[in-house]
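Protein chains: 2
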Amino acid sequence: MPLPITRLNGRDIPDATVARLPIYHRVLVGMLEMGSTTVSSEELAASCGVSSAKLRKDLSHLGSYGTRGVGYDVKFLSYHIARELGSTQPWGVVIVGVGNLGHALVSYRGFASRGFRVVGLVDTHPDIVGESISVGDQVLTVSAMGDLEKVVREGAAHIGVIATPAEAAQDVCDRLVDAGVRSILNFAPAVLVVPQDVEVRKVDLAVELQILAFHEQRRIDETLPEAMNG
Amino acid sequence: MPLPITRLNGRDIPDATVARLPIYHRVLVGMLEMGSTTVSSEELAASCGVSSAKLRKDLSHLGSYGTRGVGYDVKFLSYHIARELGSTQPWGVVIVGVGNLGHALVSYRGFASRGFRVVGLVDTHPDIVGESISVGDQVLTVSAMGDLEKVVREGAAHIGVIATPAEAAQDVCDRLVDAGVRSILNFAPAVLVVPQDVEVRKVDLAVELQILAFHEQRRIDETLPEAMNG
DNA sequence: TAGATTGTTAATCGATTAACAATC
DNA sequence: TAGATTGTTAATCGATTAACAATC
Chain A
852 MPLPITRLNG
862 RDIPDATVAR
872 LPIYHRVLVG
882 MLEMGSTTVS
892 SEELAASCGV
902 SSAKLRKDLS
912 HLGSYGTRGV
922 GYDVKFLSYH
932 IARELGSTQP
942 WGVVIVGVGN
952 LGHALVSYRG
962 FASRGFRVVG
972 LVDTHPDIVG
982 ESISVGDQVL
992 TVSAMGDLEK
1002 VVREGAAHIG
1012 VIATPAEAAQ
1022 DVCDRLVDAG
1032 VRSILNFAPA
1042 VLVVPQDVEV
1052 RKVDLAVELQ
1062 ILAFHEQRRI
1072 DETLPEAMNG
Chain B
852 MPLPITRLNG
862 RDIPDATVAR
872 LPIYHRVLVG
882 MLEMGSTTVS
892 SEELAASCGV
902 SSAKLRKDLS
912 HLGSYGTRGV
922 GYDVKFLSYH
932 IARELGSTQP
942 WGVVIVGVGN
952 LGHALVSYRG
962 FASRGFRVVG
972 LVDTHPDIVG
982 ESISVGDQVL
992 TVSAMGDLEK
1002 VVREGAAHIG
1012 VIATPAEAAQ
1022 DVCDRLVDAG
1032 VRSILNFAPA
1042 VLVVPQDVEV
1052 RKVDLAVELQ
1062 ILAFHEQRRI
1072 DETLPEAMNG
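Keeping their order, the protein sequence lines are chains A and B.
The first sequence begins at 852 in the working numbering and counts up one residue at a time.
The second sequence begins at 852 in the working numbering and counts up one residue at a time.
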């Protein structure tokens, strides 16, 4: 009986590094468009807002794509980061919840330009179901919630985006997972319970503001005593 | 000459902890609305999707608000987290860029419910400037980009949200900082350069998808060899 | 008192950083 | 060869975890 083979060719890349790779890639694409052919770790790091040591350490996890004494070939490095990220193939995205945020996501040009294709829109609201929304050069019709599984299947969607109110989020999540989706981007202010093999990323707009408010308050707390002192 | 006093009453709270406090707070408020009066670290942690050890460690940085053998008083703990986060006072928010995303942010109910008040809207586009948008029970008129400083001043805004295209982001950022804003939430896919005392948080929707795509691809790379094996 | 649960300790883990040997 | 810059090493830092003493 053959042993199960895992991580055949998969080098392990730290999470913190993976989170920065898309930034490096976007900046490199920008440099390519500007006509740059070569870039040093010092330059690229500055453009990305990180230290050159961190950049080189990050890139070292992908392989050895630079030339000592010279730097990195912009196109070559850009390609290899894209390949590592899986950006060389398009990924199908289903958006559930076509309210204000859902609408904004559908029309977000950054998705298409980075290789994502919105292949389905789903909502509960009778007024919204059936609505036609143009996505790039295509037109999509909003499907009813009951058709979620069908939409995922027919669109061969890999990623589900939850842009519903918090109350609906867990149910939508369960159905996405049942339909075979293993990657979920959650905008609802709810903690989702998922099987181990499902990857959830959460974006909570209010949480971001609360973190900023915390630091803002700290600044005020710190300067007030000084002001009272001087 | 009196020494400058810093961190008079400011305990240092780790960044990772600060990032989780808003989650704890929201879940506690939910429990309060459900009528809970007491909660153990085990229960609260489960509802927040973290381990109880992490939760207790996090809370220990705020002080000692629990009772051994009993747990935490939901209302009492909720209040102290809110106080630490600065959520007990309302913070003024200016949104720059009233496109699809900007519109979605304006009408996002989660802002008001967590103590943020949109006090200004700014855009360059002549069609959008002058438009009236209802924010909760108020109505705001979109101001021209030239009035950015005035809007920040008159609204006493503490936080700036950048929802413009990438090309405009750095300029908008500079002007927000000049107008006195020290906390910025950036939705543009651009790396902002700011003075040291300015806190920037960045939300890049495409980056989130790219990170998901990376893991999705890894899953496929891992399962394919196995499938070919069996 | 006995049972429960917090707050803290100490070990472990992962990420960052600075320095530099390798090498173009 | 001399100068430049990568890729790696080792030290440091911060976050997580498990275990448990303190104490309700």
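Yeah, the Cβ is synthetic: ideal placement off N, Cα and C, and Gly gets one too.
Here's the rule: buried if 16 or more other CB atoms are within 10 angstroms of the residue's CB, otherwise exposed. What is residue i?
i                 : result
GLN1061 (chain A) : buried
ALA1020 (chain B) : buried
GLY948 (chain A)  : buried
ARG1004 (chain A) : exposed
SER902 (chain B)  : exposed
GLY953 (chain B)  : buried
GLN1068 (chain B) : buried
ASP866 (chain B)  : exposed
ALA1057 (chain B) : buried
VAL1042 (chain B) : buried
ILE1071 (chain A) : exposed
ARG877 (chain B)  : buried
ARG960 (chain A)  : exposed
GLY997 (chain B)  : exposed
ALA904 (chain B)  : exposed
ARG1033 (chain B) : buried
ASP974 (chain B)  : buried
VAL1044 (chain A) : exposed
Following a CB-centred definition, is residue i positioned closer than 6 Å to any heavy atom of the ligand ZN?
i                 : result
LEU1043 (chain A) : For the ligand ZN, the structure offers nothing, since it holds no ligand at all.
Tell me which residues share the same chain as residue i and place their Cβ nearer than 8 Å to its Cβ, disregarding the 5 neighbours each side in the sequence.
i                 : result
LEU879 (chain B)  : VAL890, LEU895, VAL925, LEU928, SER929 and ILE932
THR888 (chain A)  : ASP924, VAL925 and LYS926
VAL1054 (chain A) : LEU1036, ASN1037 and PHE1038
ASP988 (chain A)  : none
GLY1031 (chain A) : VAL1003 and ARG1004
SER892 (chain A)  : SER903, LEU906, ARG907, LEU910, GLY917, GLY922 and TYR923
ALA995 (chain A)  : VAL973, ASP974, THR975 and VAL980
ASP1101 (chain B) : Residue 1101 (chain B) lies beyond the residue range present for chain B, which begins at 852 and ends at 1081; the question has no answer from this structure.
THR1027 (chain B) : For the sequence presented, residue 1027 (chain B) should be read as Leu rather than Thr. Only VAL945, VAL947, LEU999, VAL1003, GLY1011, ILE1013 and ILE1035 meet the Cβ criterion.
CYS899 (chain B)  : ARG871, ILE874, TYR875, VAL878 and LEU906
Whose C-beta lies closer than 6 Å to the C-beta of residue i among residues of the same chain, with five residues either side of it excluded?
i                 : result
LEU1036 (chain A) : VAL1012 and ARG1052
LEU991 (chain B)  : LEU972 and ILE984
LEU936 (chain B)  : LEU872
GLY943 (chain A)  : ARG968, VAL970, GLY1006, ALA1007, ALA1008 and HIS1009
PRO799 (chain B)  : Only positions 852 to 1081 of chain B appear in this structure, which leaves residue 799 (chain B) out of reach.
SER938 (chain A)  : GLY966
ILE864 (chain B)  : HIS912
PRO941 (chain B)  : GLY966 and ARG968
Kindly list the residues whose CB is nearer than 7 Å to the CB of residue i, restricted to its own chain and excluding five residues on each side of it in sequence; keep chain order.
i                 : result
LEU883 (chain A)  : VAL925, LYS926 and SER929
LEU956 (chain A)  : ILE946, VAL1012 and ALA1014
PRO1046 (chain B) : VAL1028
CYS828 (chain A)  : Not covered by the structure: residue 828 (chain A). The range shown for chain A is 852 to 1081.
### Task
Please go through the stretch 946-1021 of chain A and give each complete alpha helix (DSSP H) segment of 4 or more residues, from N-terminal end onward.
Taking only runs of at least 4 residues, the alpha helix (DSSP H) segments lying wholly in the stretch 946-1021 of chain A are 951-957, 960-964 and 999-1006.
### Task
Tell me the start and end of each unbroken alpha helix (DSSP H) in the stretch 860-910 of chain B that is at least 4 residues and wholly inside, in chain order.
You should have 866-884 and 892-899.
### the stretch 976-986 of chain A touching the stretch 908-923 of chain A, judged by at least three CB pairs closer than 8 Å
Using a C-beta cut-off of 8 Å, the stretch 976-986 of chain A makes no contact with the stretch 908-923 of chain A, since fewer than three inter-stretch Cβ pairs fall below that distance.
### Task
Report yes or no: do the stretch 956-974 of chain A and the stretch 1044-1053 of chain A share at least 3 C-beta pairs separated by less than 8 Å?
Contact between the stretch 956-974 of chain A and the stretch 1044-1053 of chain A is absent: fewer than 3 CB-CB pairs across the two stretches fall below 8 Å.
### Task
Assess, as a yes-or-no matter, whether the stretch 1060-1074 of chain B is touched by the stretch 864-881 of chain A under the definition of 3 or more beta carbon pairs within less than 8 Å.
These segments touch.
### Message
Going residue by residue through the stretch 1023-1077 of chain B, where are the continuous alpha helix (DSSP H) segments of at least 4 residues, counting only ones entirely within it?
### Response
Here no run is fully enclosed.
### Message
Short of 8 Å Cβ to Cβ, which residues in the stretch 880-909 of chain A face chain B?
### Response
Along the stretch 880-909 of chain A, the positions whose C-beta sits under 8 Å from a C-beta of chain B are SER898, CYS899 and GLY900, read in chain order.
#### Entry: Near-chain A residues of the stretch 1037-1059 of chain B - C-beta to any C-beta below 7 Å
For the stretch 1037-1059 of chain B, the residues whose beta carbon sits under 7 Å from a beta carbon of chain A are, in order, PRO1040, VAL1042, GLU1050, ARG1052, VAL1054, LEU1056, ALA1057, VAL1058 and GLU1059.
### Task
Identify each residue in the stretch 1060-1071 of chain A for which the Cβ-Cβ distance to at least one residue of chain B is less than 8 Å, and report them in chain order.
Closer than 8 Å at the C-beta level to chain B, one finds these residues of the stretch 1060-1071 of chain A: LEU1060, GLN1061, ILE1062, LEU1063, ALA1064, PHE1065, HIS1066, GLU1067, GLN1068, ARG1069 and ARG1070.
### Residues from the stretch 994-1017 of chain A in contact with chain B, defined by Cβ distance under 7 Å
Flagged, chain order: HIS1009 and ILE1010.
#### Entry: Residues of the stretch 965-991 of chain A whose Cβ lies closer than 9 Å to any Cβ of chain B, in chain order
So the list reads ARG965, GLY966 and PHE967, given in the order they occur along the chain.
### Query
If contact means a Cβ-Cβ distance below 7 Å, which residues of the stretch 928-940 of chain A contact chain B?
Legend: CB atoms of the stretch 928-940 of chain A lying less than 7 Å from CB atoms of chain B belong to residues LEU936, GLY937 and SER938.
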